[in-house]
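Student: Got a structure for you, written out below as structure tokens; questions coming shortly.
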Amino acid sequence: MARMRASAFLRGGVTSLEIKSGYGLDTASELAMLRVARELGEQGPQRVTTTLLAHVPDPAVERERYVDTFVTETIPAAAAAGLADAVDVFCDRGAFTLAEARRILTAAKDHGLGVKAHAEQLSHTGASKLVAELGGLSADHLELSDESDWRALAAAGSVATLLPGAAVILGKPLPSAAGLREAGVKTVASDHNPGSSPLYGLLPALQQHWR
Numbered sequence: 001m002a003r004m005r006a007s008a009f010l011r012g013g014v015t016s017l018e019i020k021s022g023y024g025l026d027t028a029s030e031l032a033m034l035r036v037a038r039e040l041g042e043q044g045p046q047r048v049t050t051t052l053l054a055h056v057p058d059p060a061v062e063r064e065r066y067v068d069t070f071v072t073e074t075i076p077a078a079a080a081a082g083l084a085d086a087v088d089v090f091c092d093r094g095a096f097t098l099a100e101a102r103r104i105l106t107a108a109k110d111h112g113l114g115v116k117a118h119a120e121q122l123s124h125t126g127a128s129k130l131v132a133e134l135g136g137l138s139a140d141h142l143e144l145s146d147e148s149d150w151r152a153l154a155a156a157g158s159v160a161t162l163l164p165g166a167a168v169i170l171g172k173p174l175p176s177a178a179g180l181r182e183a184g185v186k187t188v189a190s191d192h193n194p195g196s197s198p199l200y201g202l203l204p205a206l207q208q209h210w211r
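Each residue of the sequence shown is one higher than the one before, starting from 1 at the first, in our numbering.
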């Protein structure tokens with residue numbers, strides 16, 4: 001399945017992929033997903049980077065214990081095995097709080113991993129400024145971000161990534177393209193996933209962005 005999807009992207013001209021975990025909800029499952037992504041990159045022909053994603057807490061596990069396990073077990077294991085290049089956290093209502101996101105991303109930095117966040121997608125949480133504060137790789141989504149968020153990211157050298165496929169499918173507004181350009185935001189990605197953005201390739205994402 002992973003190879004089939006990678007081939008579909010390649011036919012659309014995509015030569016680099018970021019593949020995330022996030023749906024396993026326990027250390028063993030998260031590492032298994034990252035391992036498949038690593039092997040896909042090693043077999044080529046595309047360049048693959050891997051990201052350990054703290055997507056949502058497991059509802060079957062006490063919340064603080066889940067975050068503790070992610071910070072003290074999952075992140076160290078992924079880093080030690082060389083399976084993750086970065087850690088991403090979904091900071092929003094129904095997912096992780098800003099304080100929890102700070103714990104997760106700080107732990108990632110402590111283990112030498114890049115940091116990024118799903119930021120300002122469903123509500124404005126301040127996650128994009130947290131990414132900027134930590135010198136993170138990127139803040140992604142940004143549907144409800146504002147000019148102060150964009151400028152903080154630009155000043156920190158963190159990439160602001162728009163994911164218009166998810167915004168359109170979920171019926172969310174996109175921020176001002178002109179304002180983003182003025183702030184130095186230049187990145188659009190597909191956010192390929194079966195739930196909110198089943199796009200293969202960058203052209204569909206660009207077409208949605210400039211609608």
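Every residue, glycine too, gets a C-beta built ideally from N, C-alpha and C.
#1: Among Gly-44, Arg-65, Glu-62 and Val-87, which has the Cα closest to the Cα of Asp-140?
#2: On the DSSP bridge list, what partners appear for Arg-145?
#3: Quick check on Glu-18: buried or exposed, where buried means 16 or more other Cβ atoms within 10 Å of its Cβ?
#4: Asp-68 and Leu-113 - do their beta-carbons sit closer together than 8 Å?
#5: Let's test the definition: count the other Cβ atoms within 10 Å of the Cβ of Glu-39 and tell me whether it reaches 16, buried, or not, exposed.
#6: Would you mind reading off the limits of the alpha helix (DSSP H) that contains Ala-2?
#7: Using the DSSP secondary-structure output, state which residues sit across from Arg-47 in a beta bridge.
#8: What is the DSSP secondary structure of Lys-116, reduced to helix, strand or coil?
Tutor: Here's the rundown:
#1: Val-87
#2: As written in the sequence, residue 145 is Ser, which differs from the Arg given in the question. DSSP output for Ser-145 lists no bridge partner at all.
#3: buried
#4: no
#5: exposed
#6: 2 to 11
#7: Ser-16
#8: strand
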